[in-house]
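Notes follow the structure.
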Amino acid sequence: MQAITAFACQNEAENEAFIPFLKKIPSEQVDAAVQSLNEAITPYIDCRQCGNCCKSLLINVTDAEAEAVSKHLNIPRSEFNEAYVEEGSSSTLLINTIPCPFLKNLSCSIYEHRFQGCKEFPALHIPEFNKRTFNTFMHYSRCPIIFNVVEHLKIVLKFVND
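Residue numbers for the sequence shown follow this note's numbering, beginning at -15 and rising by one.
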């Protein structure tokens, strides 16, 4: 992981040039390439050996998810809210600590009941990749899946940093 972080720091200018390059390519073409690379790369990365997303993400929680996890933990919802949830702007619910309090030994202790945002991360399967480049590159140095997809995407799309 340290190698990815170091490489990411060295490649910051290249990545800044890559984003406008991506925006010039039809969204459907970028999505197809990203999704294909994601499907090819993800099986080779064991997220349970990393946990960086759980160490760094701000996690949104729906009322239904909070209810389900409190039930799973066999604690009253009020106790769950007090221990784990903070109300953000617009009445959104957020897990109140980073790293996630449910991260135990690089694994999610509530994996079967994890939150939707956790299930979707790194969201490379979702269409309109070009609309999420800020978020993607924010996690480029932390997530081996994002890192590898982006680096392979540069090759597939024949990006050359002048």
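The beta-carbon is built from N, C-alpha and C at its ideal position, and this holds for glycine as well. Because the structure is a prediction, the values reported are computed rather than measured.
Go through its chain and collect everything with a Cβ distance to residue i's Cβ below 6 Å, but skip five positions before and after it.
| i | result |
| --- | --- |
| Ser54 | Arg61 and Phe64 |
| Asp15 | Pro111 and Phe113 |
| Asn132 | Ile25 |
| Ile3 | Thr117 |
Which term fits residue i, buried or exposed, when burial requires 16 or more other beta carbons within 10 angstroms of its beta carbon?
| i | result |
| --- | --- |
| Val144 | exposed |
| Ser75 | exposed |
| Tyr28 | exposed |
| Glu135 | buried |
So, at 7 Å on beta carbons, what are the nonlocal neighbours of residue i in its own chain, with the 5 sequence-adjacent residues on each side left out?
| i | result |
| --- | --- |
| Ala17 | Leu137, Val140 and Leu141 |
| Lys7 | Asn114 |
What's the gap between the Cα of residue i and the Cα of residue j?
| i | j | result |
| --- | --- | --- |
| Ala1 | Asn119 | 16 Å |
| Leu42 | Glu104 | 13 Å |
| Asn80 | Glu70 | 5 Å |
| Gln13 | Ser40 | 30 Å |
| Gly35 | Pro10 | 33 Å |
| His109 | Phe5 | 20 Å |
| Leu87 | Tyr68 | 13 Å |
| Leu77 | Ile59 | 18 Å |
| Ala(-3) | Phe(-9) | 11 Å |
Out of the options, which one is the CA nearest neighbour of residue i?
| i | options | result |
| --- | --- | --- |
| Ile94 | His56, Met122, Glu112 and Asn(-5) | His56 |
| His97 | Ile59, Glu23, Ala50 and Ser73 | Ala50 |
| Ala52 | Phe99, His109 and Ala(-3) | Phe99 |
| Ile129 | Cys84, Pro85, Ala(-13) and Asn22 | Asn22 |
What residues in its chain sit with their C-beta under 8 Å from that of residue i, if we drop five residues either side in the sequence?
| i | result |
| --- | --- |
| Cys37 | Cys31, Cys102, Phe105, Pro106, His123, Arg126 and Cys127 |
| Gln33 | Leu90 |
| Cys(-7) | Ser125 |
| Ile82 | Lys39, Ser40, Leu41 and Leu42 |
What are the residues that DSSP puts in a beta bridge with residue i?
| i | result |
| --- | --- |
| Glu71 | Leu77 |
| Ser91 | Lys88 |
| Asn44 | Leu78 |
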